[in-house]
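Novice: Dumping the structure here so I can ask a few things about it.
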Amino acid sequence: MSNTLAICGMGSYHPEGVIDNKFLEDLGIESSAEWIVSKIGILERRTVLPLDYIKETKNEDPNKAIDLIETDSTKMAIFAIEEALKNAGISKDKIGLMICNSCTPQKTLPTEGQRLAKALKFNCPAYDVFTACPAFALHVDYLSKIESNNLPEYVLCVSTAMLTQKVDYKDRSASAIWGDGAAAWVISTKGEGRLKVLETTYDGDPKRCHAVVIDTIGHFHQDGRAVRDFSVRQTVRMIKRLEKNDEIDWNRDIFVGHQANATMLEQIRKNRKIPHENHWSNVKFMGNQAAAGAPAVISEHWEKIEKNQKILVAVVGAGLSWGSVLFEVQ
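Each residue of the sequence shown is one higher than the one before, starting from 1 at the first, in this note's numbering.
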């Protein structure tokens, strides 16, 4: 790292609509609450879509859903940003740069970051540094490689996605995975914040990019088994490397993984012998929120973070790509 970074405030937002397993079972798509829990361990997921619309159309044409969405990806991001600024204890005029990630933007141009900056009346550059689920690691890693004198004192990062708008609700696997949400985090480039960045990585394998696809005008689809196997193996590799190099103590330190699948996370937790109480997760009740998942989890635990703890974040996703961030609580 060429500079000292720390997160000084975080925020998150999830819409009010709840898709529980009974709702999916009642769609008549050969799914059941028992099957969903056994395969992915998710009980509920949040959605921006009206439930009656899903029931009536199963989102056969995802473009028709756009006009029904009241709280879109931009609005979700605004709620998360406002909470992050409040927790950081700074006003929006202190933000010198905003970096955004959204894998479900409603417009290509202006970018999601530019739309957010306009809506919030930010007076700073705003652009997108875009990937899928590992964006939390990507943003931190991206900033870590820029010389500190080329960065403003505070950078705002945000990730937002409304993946339920991309789900074919006749697909029992896809319909059980996704939830909608946003997360934001304020980074101090002077290292003055609650979570000091000790180490960060980001990498990818574009030869396998078609394993996960979100079509611009179509539905989400993936090679589920291959992606799950990759996700578990790659996450375990990242954890093992950090355990070896950074003296991780799972009796004290915290693990946060990509919020894709509760049974997958449980497999990883058991492999590394991480106590239940030191594995933070929200996927059981929020679904897979794409890149917003991991930072949203930390945001939800913001008041529980203890000084001198380390928080190990390992995230994987489309691309295929993966990344990690190791924080120390100051």
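For glycine and all other residues, C-beta sits at the position ideal for the given N, C-alpha and C.
Quickly, what does DSSP pair Thr200 with across the bridge? List them, please.
Specialist: Translated into positions along the sequence shown, residue 200 becomes position 200. Paired residue(s): Val325.
Novice: Straight-line CA distance for Glu82 to Asn278?
Specialist: Along the sequence shown, read from residue 1 onward, the residue named residue 82 stands at position 82. Along the sequence shown, read from residue 1 onward, the residue named residue 278 stands at position 278. One C-alpha to the other measures close to 28 Å.
Novice: In terms of DSSP beta bridges, what is Val297 paired with?
Specialist: For the purposes of this step, residue 297 is taken as the residue at position 297 of the sequence shown. None; Val297 has no bridge partner.
Novice: List the whole-angstrom C-beta distance separating Thr74 from Leu116, where the pair is believed to meet the contact cut-off of C-beta under 8 Å.
Specialist: Your numbering for residue 74 matches position 74 in the sequence shown. Your numbering for residue 116 matches position 116 in the sequence shown. Confirmed, about 6 Å.
Novice: What do you reckon, is the C-beta of Val18 under 6 Å from a heavy atom of the ligand ADP?
Specialist: In terms of ligand content, the structure shown is empty, and the ligand ADP therefore cannot be addressed.
Novice: Do you know how far the Cα of Glu25 is from the Cα of Ala176?
Specialist: Position 176 of the sequence shown, counted from the first residue, corresponds to residue 176. Position 25 of the sequence shown, counted from the first residue, corresponds to residue 25. Approximately 10 Å between the Cα atoms of the pair.
Novice: Have a look at Asp180 and Arg45 and give me their C-alpha separation to the nearest angstrom.
Specialist: If you number the sequence shown from 1, residue 180 lands on position 180. If you number the sequence shown from 1, residue 45 lands on position 45. Near 8 Å, if we compare the C-alpha coordinates of Arg45 and Asp180.
Novice: As an exercise, report each continuous beta strand (DSSP E) stretch of at least 3 residues that is fully enclosed by the segment 70-127, in chain order.
Specialist: Fully enclosed beta strand (DSSP E) runs of 3 or longer: 97-101.
Novice: Across which residues does DSSP place Gln222 in a beta bridge pair?
Specialist: The residue you call residue 222 lines up with position 222 of the sequence shown. Note: Gln222 sits in a beta bridge opposite Val212.
Novice: Sort out for me which residues DSSP pairs Gly11 with in a bridge.
Specialist: Sequence index remark: in the sequence shown, residue 11 carries index 11 (1-based). In DSSP, Gly11 forms a bridge with Ala184.
Novice: Using three-state DSSP, classify Glu16 as helix, strand or coil.
Specialist: In the sequence shown, the residue the question calls residue 16 occupies position 16. In the structure shown, Glu16 sits in coil (DSSP, three-state: anything other than H, G, I, E or B).
Novice: Please confirm if the segment 307-314 is in contact with the segment 56-75, defined as three or more CB-CB distances below 8 Å between the two stretches.
Specialist: Judged by Cβ distances under 8 Å, the segment 307-314 makes no contact with the segment 56-75, as fewer than three pairs qualify.
Novice: List the DSSP bridge partners of Thr160.
Specialist: By 1-based counting over the sequence shown, the position of residue 160 is 160. DSSP lists Ala182 as partners of Thr160.
Novice: With DSSP collapsed to three states, give me the class of Glu25.
Specialist: Against the sequence shown, residue 25 aligns to sequence position 25. Reduced to three states, the DSSP call for Glu25 is helix.
Novice: Apart from the five residues on each side of it in sequence, which residues of its chain come closer than 7 Å, Cβ to Cβ, to Lys166?
Specialist: As a working note, residue 166 is residue 166 in the sequence shown. Within the same chain, Lys166 has close Cβ partners Pro62, Thr104, Ile214, His219 and Phe220.
Novice: Measure the beta-carbon distance from Thr201 to Asp141 and round it to whole angstroms, keeping in mind my assumption that it falls under 8 Å.
Specialist: As a working mapping, residue 201 is identified with position 201 in the sequence shown. As a working mapping, residue 141 is identified with position 141 in the sequence shown. Right, their Cβ atoms sit about 6 Å apart.
Novice: Taking the CB atoms as reference points, tell me whether Ala80 and Ala182 lie closer together than 7 Å.
Specialist: On the sequence shown, position 80 is the one that residue 80 refers to. On the sequence shown, position 182 is the one that residue 182 refers to. In this structure, Ala182 lies closer than 7 Å to Ala80 by Cβ.
Novice: Can you check DSSP and say which residues form a bridge with Leu68?
Specialist: By 1-based counting over the sequence shown, the position of residue 68 is 68. Per DSSP, none; premise fails for Leu68.
Novice: Is the segment 154-174 touching the segment 18-33 in the sense that three or more CB pairs, one from each, lie closer than 8 Å?
Specialist: Cβ pair count under 8 Å is three or more, so yes.
Novice: Under 7 Å between the Cβ atoms of Pro152 and Gly323?
Specialist: Position 152 of the sequence shown, counted from the first residue, corresponds to residue 152. Position 323 of the sequence shown, counted from the first residue, corresponds to residue 323. Not a contact, by the Cβ cut-off of 7 Å.
Novice: On a CA-only basis, which of Ser148, Leu156, Asn21 and Leu97 is nearest Asn87? Give me that one, please.
Specialist: The count along the sequence shown starts at 1 and reaches residue 87 at position 87. Taking only the C-alpha atoms, the option nearest Asn87 is Leu156.
Novice: Quick check: the Cα distance between Ser159 and Gly11, rounded to an integer number of angstroms?
Specialist: Stepping through the sequence shown from its first residue, residue 159 is reached at position 159. Stepping through the sequence shown from its first residue, residue 11 is reached at position 11. Rounded to the nearest angstrom, the two C-alpha atoms are 11 Å apart.
Novice: Tell me which residues share the same chain as Lys22 and place their Cβ nearer than 7 Å to its Cβ, disregarding the 5 neighbours each side in the sequence.
Specialist: In the sequence shown, counting from the first residue as 1, residue 22 sits at position 22. Cβ neighbours of Lys22 beyond the five flanking positions: Ala33.
Novice: Would you mind giving the Cβ-Cβ distance between Pro15 and Thr71, rounded to the nearest angstrom? I have them listed as a contact below 8 Å.
Specialist: Translated into the one-based positions of the sequence shown, residue 15 becomes position 15. Translated into the one-based positions of the sequence shown, residue 71 becomes position 71. With a Cβ gap of about 5 Å, Pro15 and Thr71 count as contacting.
Novice: Buried or exposed for Asn245, going by 16 or more other Cβ atoms inside 10 Å?
Specialist: Residue 245 sits at position 245 when you count from the first residue of the sequence shown. Asn245 is exposed by the Cβ-count criterion.
Novice: Would you call the segment 231-247 in contact with the segment 262-271, where contact means no fewer than 3 C-beta pairs closer than 8 Å?
Specialist: Taking 8 Å as the limit for Cβ pairs, the verdict is that the segment 262-271 does touch the segment 231-247.
Novice: Mind checking which residues open and close the alpha helix (DSSP H) that includes Phe285?
Specialist: Indexing the sequence shown from 1 puts residue 285 at position 285. That run of the alpha helix (DSSP H) goes Val283 to Met286.
Novice: Whole angstroms are fine: how far does the CA of Glu112 sit from the CA of Cys8?
Specialist: Sequence index remark: in the sequence shown, residue 8 carries index 8 (1-based). Sequence index remark: in the sequence shown, residue 112 carries index 112 (1-based). Rounded to the nearest angstrom, the two C-alpha atoms are 23 Å apart.
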